[in-house]
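The structure under discussion appears below in the form of structure tokens.
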Amino acid sequence: MRTPRNGFLVAAILVAVVGAAAIAAAGPSRTRLAYERRLDATPFLATAKSDQTTAKLADAAAPPELEGDGWPTANADLANTRVARGSSIRAGNVERLGIAWRVRLDEASKWGSAASGPLISNGVVFFQDLASNVVALELLTGRIRWRHVLRQKAFGPNGPALGWGRVYAQDGDHHLLALDAKTGTRIWQTGLNGPTGQQQPVAFGGAVYTGIASGRKRAGPGELQKTALLGPNSSGWAYGIRARDGRIAWSFRTVTEGNWGNPVNGGAGIWFPPAIDSQTGITYWSTGNPGPAPGTSKYPNASSRPGPNLYSNTLLAIDGRTGRVNWWHQLLPHDIYHHDLQNAPILVRAGGRDLIVASGKMGIVFALDRSTGRLVWRRAVGRHENDNLKRLPPGRAVQVYPGFWGGIETPGAFADGTLYFQVDDLPTPYTATAWDAKDGQTSVENLEGRTVYAKGTSSLIALDAGSGRIRWQHRFGTVGFGAATVVNDLVFTSTYDGMVYALRRRDGREVWRWQAPGGINAWPAVSGDTIILPVGLGLRPQLIALRLGAKEHATIGRARPEHSPR
Amino acid sequence: MLPHRATSARVFLLSAVGVVMLAGCGGEAQRVADGKMIYGEHCSTCHQPDGEGYAQVYPNLAGNPIVRLPDPAPVLEIVTHGSASMPGFAAELSPSQIAEVVSYVRDAWGNDASPVSAAQSR
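Just so you know, the protein sequences line up as chains D and L, in that order. Quick note on the working numbering: the first sequence kicks off at 8 and runs consecutively. Quick note on the working numbering: the second sequence kicks off at 213 and runs consecutively.
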């Protein structure tokens, strides 16, 4: 375990105190902005050092799997751009997509059978289902090469990483595993500080970078650890793990020691892979919200956790080789609405600057200067209603947009100066006590269970990456958790009801849609003429290969245009 | 005295039966009420608070013919062991809790099917 030195703690406390003063001084609608400004005014937002590295990592070097075509990382590349390389699919031929093969997914957890994306490398597809089973299949035929069966329910989004001939994946207990990419045989496993099955790792520079969303002490020997989101005393963790032998090189606890003064508190989970700057070796991580949120019967309106609740909803710039925190920027202090900054950050070059772009369930896109962490622009997207309230009235429900599953839930994409995000306008009724929750975990259950999907819609938005200006917006009639995936002149996404869309990147016009045989809470990988798409919900969960010219026709005709350019 | 004693015995017997019946009714009502709590914690995220589910994703439970079958065995099997993209709940809920939540689902939204005992869910 590695924690910042005292100097860093002092700096953090100082910033927290100043931030709290800024919050107190600011009006309700300016709270967040005031705090950010204070941070922005600080020459170095925060720095941390550590000499507690236990395993030395190799110099920066990309795994050979990252070369050439394919989809070798969770979001296509180390920058998390979700751009397909060398694909032949485009607007002119997308209607020729048909089903090349399907593979049934037999096991499920709470969120169905699939909640992340596959990888594709050298003609092989690697995928992990929500029972944590890892499978390798031939891209051409769907023939299964090997399965590593775990049968451990995972919350997701999980999924594999590739590097140096190995597959790395979290199990549904509390481990990161390394498997032989050719055979699926286990090479090593490393225990982490809490339940796994909630993050897709990424490999670079001799390391595997992974994180956990809800770390806490183990329940008991011989038992699988179960996810207890925002459970008492929980914390997210970020890790740099040596790829060769699984030794932990460094780790970072995302909730400060003491859990903000009360053991009922927890959160700041790591949900998605970091973005990695391959030139500098710096890794960029996003953290989730603090809990309980909004509160419990005993501690309404987050009264158990005064202050900014570091490092929840924070972008962390960590040197991947040493674990040293170069800078951090908390983008949504003291959140009370489960408004995570959970999404995979994206490395962007736009407007003559190197930026890092963060986003999440609060429905805001943030662009920061990559070397200093200073805010360059921010853009609220989708519907916002009552999300500026700092307190909820006692005994009364307030409808909040974005709701518990609202805002930007899934990874965005970046190509040619434009960012693409799927945004959900889905409200949740909140009360000060999260409907008489007894802790953070029941606050999650109570709010999830009152979020009615049928009341929601979604849209795909295109933003100018240099300024945050909205270029266009295409609305869908239902909610969606399908990410954004760029393939040449198209951007793909899907809605929860299983409709897959291809929009023209230039103006957002719909050029193709297809009804999948089940609901989708996952995102595709693309290689050459093929899209590998997990369809994990409904009565026939399956992994589907859509290919140009395949016999089983996927097209249901050119759909009517629905976009609304802005 | 005999008639009196007989009457007393009859009154006692009737009272006892009544208490048992009341307890039975109360038990069923309580089971459904407890089941509603469990539904809110474990089921309504997917099948939704009104039991309507979500098209292509989560089957509706309101008016669902499998849920309303006179024989609760199929729905108990699905809740206990899972089906397709729905996980089983055997590891998270006891047979008694499964009976409660299935009793609630069979009762709610006009389903009007009979409650289920813990013995049936084992």
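Glycine included, C-beta positions come from ideal geometry on N, C-alpha and C. In this text the structure is predicted, and so the values were computed from the model without any measurement.
Asked	Found
Sequence-distant residues of the same chain with beta carbon closer than 6 Å to V313 (chain L), five excluded per side	G247, I250 and Y251
Given L433 (chain D) as reference, the closest of D:A420, D:K462 and D:A441 once Cα atoms are compared	D:K462
Collapsed DSSP secondary structure at Q260 (chain L) in the structure displayed	coil
Residue interval of the alpha helix (DSSP H) (run including G447 (chain D))	G447 to E455
DSSP state of E289 (chain L) mapped onto helix, strand, coil	helix
L273 (chain L) versus Y291 (chain D) - alpha carbon distance	43 Å
Proximity test, Cβ basis, 8 Å: A274 (chain L) and chain D	no
Distance, R390 (chain D) Cα to A311 (chain L) Cα	41 Å
Test item: CB-CB of G247 (chain D) and L64 (chain D) under 8 Å	yes
Contact the segment 200–211 of chain D vs the segment 275–287 of chain D: 3+ CB pairs below 8 Å	yes
Under 9 Å by beta carbon: chain L residues contacting G526 (chain D)	Y266, A267, Q268, V269, Y270 and S297
Beta-carbon proximity check, P261 (chain L) vs G456 (chain D), cutoff 8 Å	yes
Backbone secondary structure at Q242 (chain L) - three-state DSSP	helix
Coil, strand or helix - V271 (chain D) by DSSP	coil
Cβ-Cβ distance between A552 (chain D) and A107 (chain D) below 8 Å	yes
Nearest-angstrom beta carbon gap, S128 (chain D) and F211 (chain D) [assumed within contact, 8 Å]	Their Cβ separation, rounded to whole angstroms, is 15 Å, which puts F211 (chain D) and S128 (chain D) out of contact at 8 Å.
Minimum Cβ-Cβ distance from S197 (chain L) to chain D less than 8 Å	Look at the range of chain L in this structure, 213 to 334, and you will see that residue 197 (chain L) is not part of it.
V101 (chain D) - DSSP class collapsed to helix/strand/coil	helix
Strand pairing of L470 (chain D), partner residues [DSSP]	D:L426 and D:I477
CB contact check: G247 (chain L) to chain D, cutoff 8 Å	no
Residue-chain proximity (P261 (chain L), chain D), Cβ-Cβ < 8 Å	yes
Collapsed DSSP secondary structure at I4 (chain D) in the structure displayed	Coverage of chain D is limited to positions 8 through 573, which leaves residue 4 (chain D) absent and any answer about it impossible.
Whole-Å CB distance - V101 (chain D) paired with L144 (chain D), under 8 Å assumed	Actually they are not in contact, since the Cβ atoms of V101 (chain D) and L144 (chain D) sit about 23 Å apart, beyond 8 Å.
CB contact below 8 Å: S120 (chain D) versus chain L	yes
C-alpha distance - S304 (chain D) paired with T438 (chain D), whole-angstrom precision	10 Å
Proximal residues of chain L, C-beta to C-beta of K368 (chain D) below 8 Å	Correct list: empty, because the minimum Cβ distance to chain L is about 15 Å.
Contacts around G130 (chain D), its chain only, beta-carbon distance under 6 Å, and the 5 residues preceding and following it disregarded	L146
Alpha-carbon spacing of A374 (chain D) relative to A161 (chain D), whole angstroms	31 Å
Proximal chain L residues relative to G543 (chain D), where beta-carbon distance stays under 9 Å	S297
Contact with chain D by T257 (chain L), beta-carbon distance below 8 Å	yes
With 16 other Cβ atoms within 10 Å as the buried cut-off, status of H155 (chain D)	buried
Contact the segment 111–119 of chain D vs the segment 193–203 of chain D: 3+ CB pairs below 8 Å	no
Enclosing beta strand (DSSP E) for D611 (chain D) [first to last residue]	Outside the shown range of chain D, which is 8 to 573, sits residue 611 (chain D), and nothing can be said about it.
Proximity below 8 Å, CB of S474 (chain D) to CB of Q429 (chain D)	no
G218 (chain D) versus L85 (chain D): straight-line alpha-carbon distance, rounded	16 Å
Under 8 Å from the C-beta of A461 (chain D): neighbouring residues of chain B	Structure shown: chain B not included; protein chains present are D and L.
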